[in-house]
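Residue numbers (mature numbering (1 follows the signal peptide of the UniProt record, and there is no 0)): -20 to -1, 1 to 446.
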Amino acid sequence: MKRCIAVGTLALTVATLAQAQTGSTPAFGTYQKPFAADSLWNSYPVNPVLGTYQIPPTSTNWDPVIDAGIYSSGVFEAKESDAPMLIYPHPNRAGVMDTDAEVELATYTIPHWPASTVPASGGDGHADIVDAKLNRLYSFSNLVKNSEGKWIATRVSWTPLTGTGWGTPSHHYQGGRAAGPAPAGGLIRKGEVDDGKPLYEHALSMSLDFSGLSAAPNHYVYPATAADSTIATRPNTGQIPEGALMMLPPNFDLSKITDPKLLKVARTLMKYGAYVVDRNDNTPFAIYVEIGAPWSAMPRPQLRLIHQALRRVVSHSGHIAGNGVARVPETNVNILSLRGDWLRIQGVGPSGVFDTFTQSLRWTAPTTSYTMIQRNYSNRGLGRTTWAAPKAGQRYKFSVEATGGVKMNMSIQVGSTVQKATKFLGNGESEIIVWPDKATAFYEAQKPPGGVASVKASLVELPPGQ
């Protein structure tokens, strides 16, 4: 990454933070402003308490960057009239990785492909496509057009446009960033840079170098649902996990930030902060700006002031959502995914397949003769997010939603011994279980003969006394 050079100056004061916001504000869950009002991206913390650890300098002693460089992303708006596009795998790859289903596909179909799509030219090759009609934001890794004119990528993810903008324990990879979100989350957008507002009305996104990031197993925290993998020759040596919120203290001296664009960022870091979503190489921190934004390099001495003052938020009293009301944290969070191989034990007709967009096992054609039985032994549906893995001795509610008469059960085993098997549950039925220590689970779905059908299951931790 490049160092930054100084640009023009303009003196502004901290009083601007209290000024009324100007200009029109786009609706939440749209191309201009992704995700729900109560998404953490669109919320700010109340009474944040900052830690003492400072982001260290890197071995190269480079300065931080805030830019729309080759490791950032563009965000492109799909229209209903846009034609579909097939995404092909890179050479020597078995397929395009669907990061939720965890399967490599021969091709991945994007229903509406904007002709203006241009991926970042850096090694990550990020690009995000917003399809409001489908309520999806697609995110790509290593996207590029090959010599044959075909689009190729290593991974494709998706997240609900009106959702949280972060992964969940059941759908843990929802974007191209290592921590689980899409690059659009926290991105300084082209239309925001010169909108006349004193700050960005959302949290920002940033990456840290190996020297600032903490090592596994403490390498990510909520709301991150994943993190960069460990590199043996270049381990993380810092104290900040991915998913951490970084902020400037309330007494930060804004009068020393005279560059207008940097001042707007600094104000945002004082109110909303920036979430750590990725790892970079040799830059203390990088804050991402949408590719194509009217942006220029920031003055290095002023960037260093921000570098010296940024701290991790270690506690707070809650959040105020983007609509101005107190954010209510989500409860009854499902930690179970039905991804994985569903082995057919018996049945005639097409097998059911996991569908990422409905998070269900689906049979899209009729089955005949007798009940189709499929089992999932993959052990890929639980524990992908460490902070949401089932805990020994805790009570959980296993629930089923189904169509077409499908029933499902869950069997819990320790070693090779099944310690608990639920009843076969139909639509709207549930059962409470106590999770054993060192347990894994497998699942069986039973579909009677007939037409299309589906089954969806959830596993939710119960609060004490419930």
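Glycine included, each C-beta is placed from N, C-alpha and C at the ideal position.
message: I need the DSSP call for residue 262, collapsed to helix, strand or coil.
response: coil
task: Using DSSP bridges, identify the partner residues of residue 167.
output: None, per the DSSP bridge assignment.
- request: For residue 458, count neighbouring Cβ atoms within 10 angstroms of its own Cβ and tell me buried if that reaches 16, exposed if not.
  value: Since the first and last residues shown for the chain are -20 and 446, residue 458 lies out of range.
message: Is it the case that the segment 276 to 292 contacts the segment 224 to 232, given that we only count it when at least three CB pairs across the two stretches are under 8 Å?
response: yes
message: If distances are taken between C-alpha atoms only, which option among 369, 173 and 250 comes closest to residue 314?
response: 369
message: Checking the sheet assignment: what are the DSSP bridge partners for residue 393?
response: 398 and 420
- request: Starting from the C-beta of residue 60, find all residues in its chain whose C-beta is less than 7 Å away, skip the five residues before and the five after it, and write them out in chain order.
  value: 92 and 113
query: From this set, 376, 441, 391 and 262, which residue's C-alpha is nearest residue 37's C-alpha?
result: 262
task: Enumerate in chain order the residues of its own chain whose CB-to-CB distance from residue 258 is below 6 Å, with the five nearest sequence positions on each side excluded.
output: 157, 158 and 187
query: Considering residue 110, what are the terminal residues of the beta strand (DSSP E) in which it resides?
result: 107 to 111
- request: Please classify residue 305: does DSSP put it in a helix, a strand, or coil?
  value: coil
- prompt: Ordered along the chain, which non-local residues of its own chain (more than five positions away) have a Cβ less than 7 Å from that of residue 153?
  reply: 79, 80, 137, 147, 160 and 206
query: For residue 214, does the count of other Cβ atoms within 10 angstroms reach 16, so buried, or fall short, so exposed?
result: exposed
- request: Please report the residue range of the alpha helix (DSSP H) in which residue 242 lies.
  value: 240 to 251
- request: Using alpha carbons as the reference points, say which of 150, 106, 135 and 70 lies closest to residue 127.
  value: 70
- prompt: Can the beta-carbon of residue 413 be found less than 9 Å from the beta-carbon of residue 357?
  reply: no
- request: Measuring alpha carbon to alpha carbon, tell me which of 18, 437, 26 and 198 ends up nearest residue 295.
  value: 26
task: Would you mind giving the Cβ-Cβ distance between residue 496 and residue 433, rounded to the nearest angstrom? I have them listed as a contact below 8 Å.
output: Because the chain here runs from -20 to 446, residue 496 falls outside it and cannot be looked at.
query: Taking all protein chains shown into account, do 16 or more other C-beta atoms lie within 10 angstroms of the C-beta of residue 134, making it buried, or fewer, making it exposed?
result: buried
message: Given this structure, state the Cα-to-Cα distance separating residue 474 from residue 350, to the nearest angstrom.
response: The structure shown does not extend to residue 474, since the chain is modelled only from -20 to 446, so the question has no answer here.
- prompt: Should residue 337 go down as buried or exposed, given a rule of 16 or more other Cβ atoms within 10 Å for buried?
  reply: exposed
query: Exposed or buried, which one is residue 9 when buried takes at least 16 other CB atoms within 10 Å?
result: buried
Assigned exposure category for residue 39 - 16 Cβ within 10 Å defines buried: exposed
field: Reference residue 106; option with closest CA among 54, 132 and 131
entry: 54
field: Backbone secondary structure at residue 280 - three-state DSSP
entry: helix
- prompt: Is there a Cβ from chain D that is less than 9 Å from the Cβ of residue 76?
  reply: As a matter of chain content, chain D is missing from the structure shown, which is built from one protein chain.
- prompt: Excluding five sequence neighbours on each side, which residues of the same chain lie with their C-beta closer than 7 Å to the C-beta of residue 332?
  reply: 322, 341, 342, 343, 354, 425 and 427
- prompt: Should the segment 166 to 181 be called in touch with the segment 271 to 290, which here means at least 3 C-beta pairs below 8 Å?
  reply: yes
- request: Go through its chain and collect everything with a Cβ distance to residue 393's Cβ below 8 Å, but skip five positions before and after it.
  value: 399, 419, 420, 421 and 422
- prompt: Within this structure, are the beta carbons of residue 415 and residue 345 separated by less than 9 Å?
  reply: no
message: Could you pull the DSSP bridge partners for residue 425 from this structure?
response: 354 and 388
- prompt: Where does residue 121 land, buried or exposed, given buried means 16+ other C-beta within 10 angstroms?
  reply: buried
- prompt: If you drop the 5 nearest sequence neighbours on each side, which residues of the same chain put their C-beta closer than 8 Å to that of residue 404?
  reply: 387, 388, 389, 424 and 426
task: With DSSP as the reference, label residue 441 as helix, strand or coil.
output: strand
- prompt: Between residue 307 and the rest of its own chain, which residues show a CB-CB distance below 7 Å, the 5 nearest in sequence each way excluded?
  reply: 18, 23, 298, 299, 300 and 301
message: Between 200, 119, 57 and 366, which has its C-alpha nearest residue 95's C-alpha?
response: 57
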